[in-house]
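Since the structure comes first, as structure tokens, the remarks are kept for the end.
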Amino acid sequence: MTQPSRLAIVPFVSVDRMMKLVLAIGVERFLTELAAYIEEDFRRWELFDKTPRIASHSHDGVIELMPTSDGKMYGFKYVNGHPKNMREGRQTVTAFGVLADVGSGYPMLLTEMTILTALRTAATSAVAAKYLAPKGSRAMAIIGNGAQSEFQAIAFKALLGIDRLRLYDIDRSASEKCARNLAGKGFDITICATGQEAVEGVDIITTVTADKQYATILTDNMVGSGVHINAVGGDCPGKTELHRDILLRSDIFVEFPPQTRIEGEIQQLDADHPVTELWQVMTGKAAGRKAPEQITLFDSVGFATEDFSALRYVRDQLQATGLYEELDLLADPDEPRDLFGMLERAAMQPAA
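Have a look at this one:
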């Protein structure tokens with residue numbers, strides 16, 4: 334059978350190749366370099382096409398498309414969120430993504446993004462905390478110790494120097510899993526019996542639970558002055574983690590307000606409640622942390638530019654590492670107008 338032309342080939346990064354890529358680079362280095370790409374693209378915020386993600390909600394979960402473009406490249410991610418999957422031995426979140434050339438419309442990369450989303454979510458959290466967390470932060474509580482927890486811990490260690498973790502999950506085995514996975518990675522880890530115990534004496538509180546409902550993971554009395562809250566778990570309508578009174582005491586920072594007001598913690602507040610966009614802090618257009626006693630809240634729901642950054646970063650690693658496959662994805666007839674003829678001629682090719 335005739336070999337496909339080079340124009341038909343799209344680099345494909347499978348789960349196996351993604352794991353090998355992350356391990357070849359090193360998890361901390363990968364997160365640090367990815368964070369730099371994310372920050373670079375936040376600083377270019379005004380160049381990007383921006384729209385709230387396109388969501389298809391069901392009783393069991395949500396399936397979303399997250400597109401954006403900087404005018405030269407176009408990226409999108411397909412991602413689901415189905416909390417019940419864990420009970421069936423499946424991932425709560427799975428994803429894949431595409432990066433394409435705007436000039437031709439041709440895909441430049443197809444990749445798994447289940448692992449990559451976990452990495453980009455953690456890297457984004459740590460980038461935000463660089464601007465919002467108390468200076469010299471060392472201790473962090475992680476409430477919700479599922480698939481995202483270790484990535485969050487390592488990202489905060491790599492970018493901020495966090496080395497003391499207090500873990501809490503309603504399922505203690507999840508905290509034990511997290512502690513095992515992080516053993517020997519430079520952390521002093523305490524598994525706590527309650528969320529209240531977990532937040533005692535910490536500088537940063539990360540909430541990253543998966544239930545698809547309104548929940549109160551943090552109550553107002555659990556949050557003292559001067560902390561930074563990294564609220565990761567609330568990411569769709571009807572799903573929150575923080576008591577409303579915490580929001581009213583906090584300075585709130587978001588990615589893209591039209592999306593966050595639908596999906597984030599601030600869906601609990603009036604539509605005109607003041608928030609600050611993260612890109613404005615990074616570019617000096619707005620202040621981040623202003624005072625030691627200030628409570629800062631990053632209402633993180635994930636935005637398409639972060640996936641774009643992750644796709645861009647992975648593509649830039651492929652030539653040096655070779656950790657991809659060549660996927661025959663695009664039809665490329667000898668005569669661009671003769672797609673049917675290409676099909677007909679295929680019938681005459683000898684079997685491979």
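In the working numbering, the protein residues as written are 334 to 685. Glycine included, C-beta positions come from ideal geometry on N, C-alpha and C.
Exercise. Can you tell me whether DSSP reads GLY359 as helix, strand or coil?
Worked result: The answer is coil: DSSP assigns GLY359 none of H, G, I, E or B.
For this session: Give every residue of the same chain whose Cβ lies closer than 7 angstroms to the Cβ of GLN600, excluding the five residues on either side of it in the sequence, and list them in chain order.
Result: Closer than 7 angstroms at the Cβ level, and outside the excluded window around GLN600, lie PRO570, THR573, ARG594.
Exercise. Do you know offhand how far PRO607's Cα is from GLY477's?
Worked result: 28 angstroms
For this session: My understanding is that ARG350 touches GLU659, with C-beta atoms under 8 angstroms, so please give their C-beta distance in whole angstroms.
Result: So it is not a contact: roughly 12 angstroms between Cβ atoms.
Problem set entry | 8 angstroms CB neighbourhood of ARG577 in its chain, flanking five on each side removed | GLN601, LEU602
Problem set entry | Beta-carbon proximity list for HIS390, same chain, < 8 angstroms, skipping 5 on both sides | CYS569, PRO570
For this session: Go to PHE520, then tell me how far its alpha helix (DSSP H) extends in each direction, as first and last residue.
Result: PHE520 -> no alpha helix (DSSP H), and no H or E assigned at all.
Problem set entry | Identity of the residues DSSP links to ASP632 by a beta bridge | ALA564
Problem set entry | Selection from GLN485, GLN529, ALA653, LEU443 that minimises the alpha carbon distance to PHE503 | Inspection of the sequence shows that residue 503 is occupied by Ile rather than by Phe. Minimum Cα distance to ILE503 is reached at GLN529.
Exercise. Under the DSSP definition of a beta bridge, which residues are partnered with MET406?
Worked result: ASP434
Exercise. So which of GLU677, GLY519, TYR501, GLN481 has the shortest CA-CA distance to GLY494?
Worked result: GLY519
Exercise. How big is the Cα-Cα spacing for GLU372 and ASP605?
Worked result: 27 angstroms
Exercise. What are the start and end residues of each continuous alpha helix (DSSP H) run of 4 or more residues lying completely inside the stretch 614–673, in chain order?
Worked result: 637–654
Exercise. Ordered along the chain, which non-local residues of its own chain (more than five positions away) have a Cβ less than 7 angstroms from that of GLY597?
Worked result: Cβ neighbours of GLY597 beyond the five flanking positions: GLY567, VAL587, ASP632, VAL634.
Exercise. According to DSSP, is GLY394 helix, strand or coil?
Worked result: coil
Problem set entry | Option nearest GLY479 by Cα separation, candidates ASN514, PRO440, THR457 | Out of ASN514, PRO440, THR457, ASN514 has the C-alpha closest to the C-alpha of GLY479.
For this session: State yes or no: is the C-beta of LYS410 within less than 7 angstroms of the C-beta of ASP640?
Result: yes
Exercise. Can you give the Cα-Cα distance for ALA369 and GLY469, rounded to whole angstroms?
Worked result: 20 angstroms
Problem set entry | Those runs of the alpha helix (DSSP H) which lie wholly inside the stretch 486–515 and span at least 4 residues | 505–515
Exercise. When the Cα atoms are used, what is the spatial distance from ASP536 to GLY359?
Worked result: 27 angstroms
Exercise. Which one of ALA619, ALA455, TRP378 has the shortest CA to CA distance from THR539?
Worked result: THR539 has its Cα closest to that of ALA455, out of ALA619, ALA455, TRP378.
For this session: Can you tell me which of the three DSSP states ASN418 falls into?
Result: helix
For this session: Could you check which residue in ASN418, TYR407, THR401, ALA451 has the C-alpha nearest to that of ASP434?
Result: TYR407
Exercise. Who does LEU442 pair with in a DSSP beta bridge?
Worked result: The secondary-structure analysis by DSSP pairs LEU442 across a beta bridge with LEU432.
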